[in-house]
Amino acid sequence: MEAVLTVIALLFVLCVVLGVYATVRAVGAAKRGVDRTIAQARRTVEDTTLRARTLTQPGPAGELAQLRLTLRTSMRATQEALHAGVTEDESLRESLGLFQRLSAHGYELDAELRRLEAEPDRQALVSRLPELRGRTERITRSADSLRWAAHDRARRFAEDDLDALSAQIDVEAGALRHWTKEQSASPTAAWPDAPAPEGAAAGGRTWRETPEPRAPQEPSRPAITPPGQRPVYPWQRKTRPESTP
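So in the working numbering, the last one in the sequence shown is 546, and the numbering has no gaps at all.
See below:
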């Protein structure tokens, strides 16, 4: 009896532990989903604000906003491309590691550009712009290079797979049309020649007509029977005497 109670208690504890674990996992997944939604909304709001500044704030402030927008757009596109490609191509993990190192420089530059947005010294800001522009171009150029290399690699793999598939389909299509090869290899059917008649010349076949006795020819009849020779039928009327001349 005690053993049964012990087993029941262990099962109850196990169910409680599994329930707590499932609850923690569900809460964690929900929290991560909320965090992703909040982060995405924050990025959207910030990108919209930067676009508005590039149009409404000419001069150094507008250029800073444009640099930040260019940097964020390039880095985000490269990150999405590498994360999407690494699930199918493990060789992209090295590229992803390089991008993470590049992202550290990108985050640092973005933070510096954000601080300079509130810089009151306009002359100092103008003097820093060439250096900030050069750093932005170097980072975005490297990010774009990684992204396009990943795209080219994926396209190359797709083309190779399509070439192999096309070759297999051609082989299969040829196997399905096997009768065309059999017809071309088999000799052309022909009817055998008729045997030569007896008495044919040795040099070749001759066709001779055997004369047959013809029936005696009947005298030809005229197309119109003369009046005196016409037959008289009983339904014809006889000529009256008064009608004769």
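Think of the CB as a built atom: it goes at the ideal place given N, C-alpha and C, for glycine as much as any other residue.
Environment of residue i [buried if 16+ CB atoms lie within 10 Å]
{"i": "I339", "result": "exposed"}
{"i": "P361", "result": "buried"}
{"i": "R478", "result": "exposed"}
{"i": "T307", "result": "exposed"}
{"i": "R364", "result": "With the sequence shown as reference, residue 364 is identified as Glu, and Arg is not the correct amino acid for it. That one is buried."}
{"i": "T357", "result": "exposed"}
{"i": "A327", "result": "exposed"}
{"i": "R509", "result": "Confidence at R509 is low in this model, with a pLDDT of 48, below 50, so its placement is unreliable and the value that follows should be read with caution. The residue in question, R509, is exposed, as its Cβ has fewer than 16 Cβ neighbours within 10 Å."}
{"i": "G407", "result": "buried"}
{"i": "V317", "result": "exposed"}
{"i": "A366", "result": "buried"}
Straight-line Cα distance separating residue j from residue i
{"i": "V346", "j": "S404", "result": "21 Å"}
{"i": "S443", "j": "A385", "result": "18 Å"}
{"i": "R394", "j": "D422", "result": "44 Å"}
{"i": "R354", "j": "R429", "result": "19 Å"}
{"i": "D462", "j": "A468", "result": "10 Å"}
{"i": "A342", "j": "D348", "result": "10 Å"}
{"i": "F313", "j": "V325", "result": "18 Å"}
Neighbourhood of residue i by C-beta, 8 Å cutoff - its chain only, sequence neighbours within 5 removed
{"i": "L410", "result": "L372, L433, R436, T437 and I440"}
{"i": "F458", "result": "D390"}
{"i": "L397", "result": "L383, H384 and V387"}
{"i": "R311", "result": "Here residue 311 turns out to be Leu, not Arg, going by the sequence shown. Excluding sequence neighbours, L311 sits near nothing in its chain."}
{"i": "V305", "result": "none"}
CB contact flag (residue i, residue j, <7 Å)
{"i": "L414", "j": "F400", "result": "no"}
{"i": "T379", "j": "L315", "result": "no"}
{"i": "L351", "j": "L370", "result": "yes"}
{"i": "D445", "j": "S375", "result": "yes"}
Own chain partners of residue i with C-beta closer than 7 Å, once the 5 adjacent residues on each side are dropped
{"i": "L426", "result": "P361, L417 and E420"}
{"i": "A451", "result": "A382, L383, G386, L393 and S396"}
Start-end ranges of the beta strand (DSSP E) lying completely within the stretch 371 to 440, minimum 3 residues
Look at the stretch 371 to 440 and you find no whole run of beta strand (DSSP E) that is 3 residues long or longer.
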